[in-house]
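Q:
Numbering (the numbering used here), first residue to last: 50 to 613.
1. Please name the residue in 395, 611, 373 whose C-alpha comes closest to that of residue 387.
2. Along the chain, where does the beta strand (DSSP E) that runs through residue 234 open and close?
3. Is residue 469 buried or exposed, if buried means 16 or more other CB atoms sit within 10 Å of its CB?
4. Excluding sequence positions up to five away, which residues of its chain have a Cβ less than 6 Å from the Cβ of residue 594?
5. Where does residue 446 land, buried or exposed, given buried means 16+ other C-beta within 10 angstroms?
6. Out of 103, 580, 166, 291, point me to the one whose CA is closest to residue 456's CA.
7. Please name the residue, chosen from 277, 254, 406, that lies closest to residue 426 on a Cα-to-Cα basis.
8. Give me the Cβ distance between residue 233 and residue 206, rounded to the nearest whole Å; I'm assuming they're in contact under 8 Å.
9. Distance check for residue 414 and residue 436, CA to CA, integer angstroms please.
10. I want to know whether the region 465-485 touches the region 391-407 - three or more CB-CB distances under 8 Å.
11. Where residue 409 and residue 494 are concerned, what is the direct C-alpha to C-alpha distance, given to the nearest angstrom?
12. Starting from residue 189, trace the alpha helix (DSSP H) both ways and give me its first and last residue.
13. Who are the near neighbours of residue 464 in its chain, counting only those whose CB is closer than 6 Å to its CB and skipping five residues on each side?
14. Using DSSP bridges, identify the partner residues of residue 421.
15. Looking at residue 306 and residue 266, is the spacing between their C-beta atoms short of 8 Å?
16. Three or more C-beta pairs under 8 Å: does that hold for the region 477-487 against the region 516-533?
17. Which runs of the beta strand (DSSP E) fall wholly inside the region 358-422 and span at least 3 residues, in chain order?
18. Can you check which of these residues, 74, 121, 164, is closest to residue 97 by C-alpha distance?
19. Identify which residue in 224, 589, 214, 189 has its Cα closest to the Cα of residue 198.
20. When we look at the beta-carbon of residue 498 and count the other beta-carbons within 10 Å, is it buried (16 or more) or exposed?
21. Using only alpha-carbon positions, find the residue among 395, 549, 451, 525 that is nearest to residue 230.
22. Counting C-beta neighbours from all protein chains within 10 Å, is the total for residue 262 16 or more, i.e. buried, or is it exposed?
23. Below 8 Å, how does it come out for the region 130-143 and the region 80-92: are there three or more Cβ pairs, yes or no?
24. Quick check: the Cα distance between residue 275 and residue 453, rounded to an integer number of angstroms?
25. Would you kindly check if the distance between the Cβ of residue 526 and the Cβ of residue 560 is under 8 Å?
26. May I ask you to report which of helix, strand or coil DSSP gives residue 516?
27. Residue range of the alpha helix (DSSP H) that residue 262 falls in?
28. Which residue marks the beginning of the alpha helix (DSSP H) containing residue 438, and which one marks its end?
29. Tell me whether residue 148 sits in a helix, a strand or coil according to DSSP, three-state version.
30. How would you label residue 347, buried or exposed, when you count the other beta carbons within 10 angstroms and need 16 or more for buried?
31. Quick one: grab the DSSP three-state call for residue 176.
32. Since residue 78 is in the alpha helix (DSSP H), which residue starts that stretch and which ends it?
33. If residue 614 and residue 285 are in contact, beta carbons under 8 Å, what's the gap, nearest whole angstrom?
34. Can you check which of these residues, 587, 610, 604, 563, is closest to residue 105 by C-alpha distance?
35. Looking at C-beta atoms only, is the number of pairs between the region 391-399 and the region 355-368 that lie closer than 8 Å three or more?
36. Helix, strand or coil for residue 109 per DSSP?
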């Protein structure tokens, strides 16, 4: 056990604060100087920008100031300083986001006592302390999401599936099980379904007495692949076989009258439209014979009637086309005449891509097509696909990366012409990947001139302003995007409607501090971390780091974060 030096003791027997714990006074003074310089820079940085934030909502005055202090603080490499402070048993300045100035001043005061050297802190009396910072975050969270449910420290947000429009029990169950915020993504479904979802929630809230906010996402710009040339009009079914090729379950085929709407989900291997008059003459036990699209002779046997038609089974694989002639066999006799399969919707096709392939991304919406190959395997024409926002291709440069379908397919732009971008495929999730229509496109390194609010979003925003408690901005990238949203809400008579910024792009992440300061002009604001989109934009290997950075910034701004 270490013995005490009698000179370490104060007259009352306590340990003197002057004990320097192994550090010389010169070293302590160096730490004081370093921290004092950081403190001064933080104040200068905040003063520089505070004048331009005159129209902040009063509830965010202290939060904006703390965010500016934090941004100045983060400009320094503090690793060595933090280690030295930790050696002294002092705060290493971690977890100080919400009250960074008070933390710096507390450490400076302690160092001052250790070094027996007075420290003058300019305008430090009003530094935001821990309790006040925590109270600000609680108040801002309540302003956005409402009071916390009893016994919980977090809110639970649930994104509504399409079924929530017609399944009241689903919505009621979610409210009963803790949902305190219903999210409706307006990139999906339509107004009629949104209204029914909202009506179901209002009913559930009234029935349970449990409050639940409604947050609705503005769709934003939909940067997606265009249509692909349809595949053949063919219906395929096959039985389920075991490892030895023996049929375990025969294929189930539902025969329906032409024009019949089949409820989802479809539980059959195939749905076959046939003339209604002919279908009415069939009954269980009948056999249907035909020659399929490959020339193979096939049969299927009707086994039961259903609400939608007749169900048949077959123990062999078959391919049926609009030219397939169906004949019915009753009581051992086969009809000489038969009927053709009715209109078959062409199969949705895709483009198969492998590493090294070239894909041309065209500035139009004409149907895309796979690559064409010659007899020797050489490429005659590269695969092509259109783009739903063709004008943005002008903003993309050679050498920049592009990702499709939530990061499943990646490439690099090798060429740029009036006909589009020539993209060398560098990544596929497997040996090859299938690119279909209406799949997302990401240009993480490109400065796209793409506003978060498009003309098509304005009518949707009007609906949101009328029915929702919170408006969520998709693809928020710049302070101007936030300003535009607040401006439109003001024009709609909904100034003050709480907003949420969805951070889902590289630019959105980089500009988050400036967007937060703009959002603080509104009485309620928050941030949603779109992890899937961020992973595609910034790389899955950086996702943990980026999420942490966003959470730190939100804590410094006393703004609630939604982890989506």
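Ideal Cβ positions, reconstructed from N, Cα and C, are used throughout, including at glycine.
Values in this document were obtained by computation on a predicted structure and should not be read as measured data.
A: The short version:
1. With distances taken between Cα atoms, residue 387 lies closest to 373.
2. That run of the beta strand (DSSP E) goes 230-234.
3. Buried, by the Cβ-count rule.
4. There are no such residues.
5. By the C-beta density criterion, residue 446 is exposed, having fewer than 16 other C-beta atoms within 10 angstroms.
6. Selected option, being the one with the closest Cα: 580.
7. It is 406.
8. The pair is not a contact, with the Cβ atoms about 11 Å apart (cut-off 8 Å).
9. Near 6 Å, if we compare the C-alpha coordinates of residue 414 and residue 436.
10. Verdict: yes, contact present.
11. Going by the C-alpha atoms only, they are around 19 Å apart.
12. Here the alpha helix (DSSP H) through residue 189 covers 179-194.
13. Here the set comprises 471.
14. Residue 421 is bridged by DSSP to 430.
15. Cβ atoms of residue 266 and residue 306: not closer than 8 Å.
16. Taking a cut-off of 8 Å on C-beta distances, the region 477-487 does not touch the region 516-533, as fewer than three cross pairs fall below it.
17. Those beta strand (DSSP E) runs which fall completely within the region 358-422 and span 3+ residues are 359-363, 367-369, 374-379, 400-403, 407-411.
18. The closest CA to that of residue 97, considering only 74, 121, 164, is found on 121.
19. If we check each option's Cα against that of residue 198, 224 comes out closest.
20. Per the 10 Å Cβ criterion, exposed.
21. Residue 549 is the option with its Cα nearest to residue 230.
22. Buried, by the Cβ-count rule.
23. Contact between the region 130-143 and the region 80-92 is present, because at least three Cβ pairs lie under 8 Å.
24. Residue 275 and residue 453: Cα-Cα distance of roughly 12 Å.
25. Yes, the Cβ-Cβ distance between residue 560 and residue 526 is below 8 Å.
26. Helix, per DSSP.
27. Boundaries for residue 262: no alpha helix (DSSP H) harbours it, while the beta strand (DSSP E) harbouring it runs 262-267, taken from the DSSP string.
28. Unbroken run through residue 438: none, as it is neither H nor E.
29. Here residue 148 carries a helix assignment [DSSP, helix/strand/coil].
30. Looking at its Cβ environment, which holds 16 or more other Cβ atoms inside 10 Å, residue 347 is buried.
31. Coil at residue 176, not helix or strand.
32. Here the alpha helix (DSSP H) through residue 78 covers 74-99.
33. Residue 614 is absent from the model: the chain starts at 50 and stops at 613.
34. Ranking 587, 610, 604, 563 by Cα distance to residue 105 puts 563 first.
35. Segments in contact, no.
36. Residue state, collapsed to three classes: helix.
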